[in-house]
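**Q** Next up is a structure, given as structure tokens.
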Amino acid sequence: MRRVPTKVLVVTGLLVALLLAGVVSFYASGSPDGLERVAEDKGFLDREDEHAVADGPLADYQAKGVDNDRLAGGVAGVTGALVVLLLAGGLTYAVRRRPPASAKRD
Amino acid sequence: MHVPDGFLDAPTSVATGVAAAAAVGLALRGSRRELDDRAAPMAGLVATFVFAAQMLNFPVGAGTSGHLLGGALAAVLVGPWTAVLVLSVVLLVQSLLFADGGVTALGTNVVLMGVVGVVVGWFVFRALQTVLPSRTALVAPLAAVAAYVSVPVTALAFVGLYAVGGTAPIPLDALATAMLGWHAVIGLGEAAITGLVVASIVSVRPDLVHGARPVLAARTVELRTPGTEAAAA
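Order-wise, the sequence lines are chains P and Z.
For the first sequence, the residue numbers in this note's numbering are 1453 to 1558.
For the second sequence, the residue numbers in this note's numbering are 583 to 815.
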């Protein structure tokens, strides 16, 4: 059986994720999601407080200062994906089990 | 299903915040068993993919949309403890950078999507795997079923929290019916995406899929003869 190297799989997967966040996201539905819809129908959507970072540079997945909507969403999506990659990758890399040589416990 | 600030009262938000912190603390310990040099890059990939996929709201009819929660997907791919960490990172970034999910509601969202979604997804997957034949080809379909179940259960968990600390008086049976109704449909999208992604990785590298390991281990034991076992050791 053909064995795809881990590095190839991970890099391909990351490129797919960046494509989804940077390009495909433009075509996502803008309708309210299930919870928002229920909150609206049942009359508690107005309980929502304004978000603390509602005016932040990436709020609502639109990069501030970029006029083109498609580009603003793409920049926001790619930035978010890279931040998540750095944080989650760094965290799991730090937590991971070391090879036996450096593992003194266990 | 990102809960904004203001839906739940302060005591409930503090309680879910404490619960979320405890869950992340436990997950930091538990994930050590799941993460080795091979699995760690997968965890980064899964987090990035879940973030990207959560941006892709799909229409479910009547002017309503849904998106992947990703708890079952992450649990099957990288293991349940690591999945809790992965979802927590995604929810943290969404809340602080994208104003998606309240800041005081971060604990609530971690409890709902990062803990309930992951735990339900993982246990449904493992339960099905235990009673059904041990086949690699079953990993993706079972992940899809587990993903489906996780969505309405997470929606019900929100209703449970709302019952404790909702800020507007809403009849709970009506709230539960509405949440279950929409999320029973949204779950179909969750199942489709989860099944597709797990199937593609299982088809090229089943050994990198946490949930496929029991199946692969069973197969290895059957094929192993005393000679090869000694050589492997």
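C-beta: ideal position from N, C-alpha, C; glycine also.
#1: Note down, in chain order, every chain Z residue with its Cβ under 8 Å from the Cβ of residue 1548 of chain P.
#2: Check the DSSP bridge columns for residue 1485 of chain P and list the partner residues they point to.
#3: Have a look at residue 648 of chain Z and residue 1476 of chain P and give me their C-alpha separation to the nearest angstrom.
#4: Give a yes or no on whether the minimum CB-CB distance between residue 1517 of chain P and chain Z is below 8 Å.
#5: At the level of alpha carbons, what is the spacing between residue 1557 of chain P and residue 591 of chain Z?
#6: Tell me where the alpha helix (DSSP H) around residue 676 of chain Z begins and ends.
#7: Under 7 Å, CB to CB, which of the residues in the region 712–734 of chain Z have a partner in chain P?
#8: According to DSSP, is residue 641 of chain Z helix, strand or coil?
#9: Mark residue 688 of chain Z as exposed unless 16 or more other C-beta atoms lie within 10 angstroms of its C-beta, in which case mark it buried.
#10: Looking at the C-beta of residue 1490 of chain P, does it have a partner C-beta in chain Z at a distance below 8 Å?
#11: Who are the neighbours of residue 794 of chain Z on chain P, taking C-beta pairs under 8 Å?
#12: According to DSSP, simplified to helix, strand and coil, what is residue 689 of chain Z?
#13: Sort out for me which residues DSSP pairs residue 590 of chain Z with in a bridge.
#14: Any heavy atom of the ligand ADP inside 7 Å of the beta-carbon of residue 1493 of chain P?
#15: Say whether the region 642–656 of chain Z touches the region 1536–1549 of chain P, bearing in mind that this needs 3 or more beta-carbon pairs closer than 8 Å, one atom from each stretch.
#16: Assuming residue 1510 of chain P contacts residue 680 of chain Z under a Cβ cut-off of 8 Å, what Cβ separation, rounded to an integer in Å, is found between them?
#17: Could you give the DSSP three-state label for residue 719 of chain Z: helix, strand or coil?
#18: Compute the distance between the beta-carbons of residue 668 of chain Z and residue 625 of chain Z, then report whether it is under 8 Å.
#19: Could you run through the region 631–647 of chain Z and flag, in chain order, every residue whose CB is less than 9 Å away from some CB of chain P?
#20: Between the region 671–695 of chain Z and chain P, which residues of the former have CB atoms less than 7 Å from a CB of the latter, in chain order?
**A** Concretely, from the data shown:
#1: In the first sequence, counting from the first residue as 1, residue 1548 of chain P sits at position 96. The answer, in chain order, is 614, 617, 618, 619, 621, 622.
#2: Taking the first sequence and counting its residues from 1, the one referred to as residue 1485 of chain P is at position 33. Beta-bridge pairing links residue 1485 of chain P to Z:647.
#3: Here residue 648 of chain Z corresponds to residue number 66 of the second sequence, with the count starting at 1. Here residue 1476 of chain P corresponds to residue number 24 of the first sequence, with the count starting at 1. Cα to Cα, residue 648 of chain Z sits roughly 16 Å from residue 1476 of chain P.
#4: As a working note, residue 1517 of chain P is residue 65 in the first sequence. Cβ-Cβ to chain Z under 8 Å: no for residue 1517 of chain P.
#5: By 1-based counting over the first sequence, the position of residue 1557 of chain P is 105. By 1-based counting over the second sequence, the position of residue 591 of chain Z is 9. Low per-residue confidence applies at residue 1557 of chain P: pLDDT is 49, beneath 50, and the placement is therefore not dependable, though the value from the model is reported in the following sentence. Spanning the two alpha carbons is a distance of roughly 43 Å.
#6: Locating residue 676 of chain Z in the second sequence gives position 94, where the first residue counts as 1. Its alpha helix (DSSP H) spans residues 662–680.
#7: none
#8: Here the question's residue 641 of chain Z lines up with position 59 in the second sequence. Of the three classes helix, strand and coil, the one that applies to residue 641 of chain Z here is strand, per DSSP.
#9: Position 106 of the second sequence, counting from 1, holds the residue named residue 688 of chain Z. Under this definition residue 688 of chain Z is a buried residue.
#10: For the purposes of this step, residue 1490 of chain P is taken as residue 38 along the first sequence, with counting starting at 1. Yes, its Cβ sits closer than 8 Å to a Cβ of chain Z.
#11: Within the second sequence, residue 794 of chain Z is the residue found at index 212, counting from 1. None at all; the shortest Cβ gap to chain P is about 14 Å.
#12: Here residue 689 of chain Z refers to the residue found at position 107 when the second sequence is read from its first residue. Looking at residue 689 of chain Z - three-state DSSP - the assignment turns out to be helix.
#13: On the second sequence, position 8 is the one that residue 590 of chain Z refers to. According to DSSP, which records beta bridges pairwise, residue 590 of chain Z is partnered with Z:748.
#14: By its list of ligands, the structure shown contains no ligand whatsoever, and the ligand ADP lies outside what it can speak to.
#15: no
#16: Taking the first residue of the first sequence as 1, we reach residue 1510 of chain P at position 58. Taking the first residue of the second sequence as 1, we reach residue 680 of chain Z at position 98. That pair is a contact at about 5 Å.
#17: As a first step, residue 719 of chain Z is located in the second sequence; it is residue number 137 there, counting from the start. Residue 719 of chain Z falls in the helix class under three-state DSSP.
#18: For this step, residue 668 of chain Z is matched to residue 86 along the second sequence. For this step, residue 625 of chain Z is matched to residue 43 along the second sequence. In contact: residue 668 of chain Z and residue 625 of chain Z (Cβ atoms closer than 8 Å).
#19: The region 631–647 of chain Z vs chain P, Cβ under 9 Å: 631, 632, 633, 634, 635, 637, 638, 639, 640, 641, 642, 644, 645, 646, 647.
#20: Listed by position along the chain: 671, 672, 675, 678, 679, 680, 681, 684, 685.
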